[in-house]
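Asks:
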Amino acid sequence: MIKIEIITRPEKLGDVKRILAKHDYVGLTVSAVMGCGHQKGRIKEFEGLDLEINLLPKVQVMTVVLDEDVEEILTDLHEKISTGNVGDGKVFLSEVRDVMRLRTGERGEKIL
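All residue numbers for the sequence shown refer to our numbering, where the first residue is 41 and numbers rise by one.
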């Protein structure tokens, strides 16, 4: 099993959800996050404070998928989410050793 974490522009959330659903993954966790990378964000100086905020709003979507579905999902994400501009986001992949459904105690990929 592979955990996929997608960090992208908030307006791309609907596209991400559709891509995952197309591959029969409807279980996901979504967080509103702030971040910057090569895009550098916006710099705002607040009146009377020496403070600079250079973070942009993003969404982080986390789900766990079967190994055999990863490449197709990544291809779909790239084809449908990428605008070709800095700030499109990143996808992080990590291995998941096991998973357990809290309600029943069931374990393994059958509960995805």
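Backbone N, C-alpha and C define an ideal beta-carbon position, used for all residues, glycine too.
Any contact of the region 66-73 with the region 113-123, i.e. 3+ C-beta pairs under 8 angstroms?
Replies: no
Asks: Quick check on Glu-119: does DSSP put it in helix, strand or coil?
Replies: For Glu-119, the three-state secondary structure derived from DSSP is helix.
Asks: Considering only their Cβ atoms, is the gap separating Val-73 from Val-99 smaller than 8 angstroms?
Replies: It is a contact, given that the beta carbons lie within the stated cut-off.
Asks: Answer yes or no: do Leu-95 and Gly-75 have a C-beta to C-beta separation smaller than 8 angstroms?
Replies: Their beta carbons are under 8 angstroms apart, which means Leu-95 touches Gly-75 by this criterion.
Asks: For Gly-145 and Gly-124, what's the separation of their Cα atoms in angstroms?
Replies: 43 angstroms
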